[in-house]
Structures are given as structure tokens and as C-alpha cells.
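Notes follow once the structure below has been shown.
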Amino acid sequence: GGIGDAMSKIAAAEGVGALFKGISHANVWAIPYYAATFGSYTTAKSLYVERFHDGKSPGPVAGLGLGMVAGCCGVVAGYPFEAGRRKMQMQGVGGRPVLYSSL
1 GGIGDAMSKI AAAEGVGALF KGISHANVWA IPYYAATFGS YTTAKSLYVE RFHDGKSPGP
61 VAGLGLGMVA GCCGVVAGYP FEAGRRKMQM QGVGGRPVLY SSL
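Numbering follows the numbering used here, in which position 74 of the sequence shown is assigned residue number 74; successive positions increment by one, without gaps.
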């Protein structure tokens, strides 16, 4: 009765594709999140090095600050998609109505 058993029962009952239900919704969130995170980090690091560090690599404290800014940008870009995904996950649970059929 472990995870392998559950996966084999799902695959037998609904087909192998059922094991990947919801992956597209996770990717819809991941694309803007990672694009904003890496894009803003690269841009912020370039600006920081150019303006404040004379072309040298920033130190660990500056890198931490740049990473925090990049993380915030990623969350702002990805949160609307994550909220939609969570709403879809919770529909039908505990008698809740099913309101949405796709993201």
C-alpha cells in the first residue's frame, strides 16, 4: 500500500496520463516565476556591478540582497497563477462546488 501501489492503481483505472494531471497548471506558474526571478536577478546584478562595484562581482551580502529582490519579483509574477491553481485543487473537496474546468 505505498506510493508505487497507488500509482499503479491510478494508471490501471485512468491510464498513465492520469499520473500527470495538473502538471500543466504547475508549469503555467513556473514559467513566469522563474523568468521573473532569473531575469530580475541578472538585470539587478548587472546594474549593481556597473554602478556600485566597478565591474567586480558583488560580495555575499550584496548577492543576498539581489537574490531577495529577484525572489520578490518572481513571487509577484507567479502568484496569480499559483492562486488559480490552488483554487482548482480545492474545488470539489469537502463538498465544495466544482466551478472551474481549466486554468
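Where a beta carbon is used, it is the ideal one built from N, C-alpha and C, also for glycine.
Query: How would you call residue 37, buried or exposed, if buried means at least 16 neighbouring beta carbons within 10 angstroms?; Result: buried
Query: Taking buried to mean at least 16 other C-beta atoms within 10 Å of its own C-beta, is residue 73 buried or exposed?; Result: buried
Query: Please list, in chain order, all residues of the same chain as residue 49 whose beta carbon is under 8 angstroms from its beta carbon, the five residues on each side excluded.; Result: 55, 56, 57, 58
Query: With respect to the alpha helix (DSSP H) encompassing residue 46, which residues constitute its N-terminal and C-terminal limits?; Result: 23-52
Query: So residue 89 packs on residue 98, CB below 8 angstroms; how close in whole Å?; Result: The pair is not a contact, with the Cβ atoms about 12 angstroms apart (cut-off 8 angstroms).
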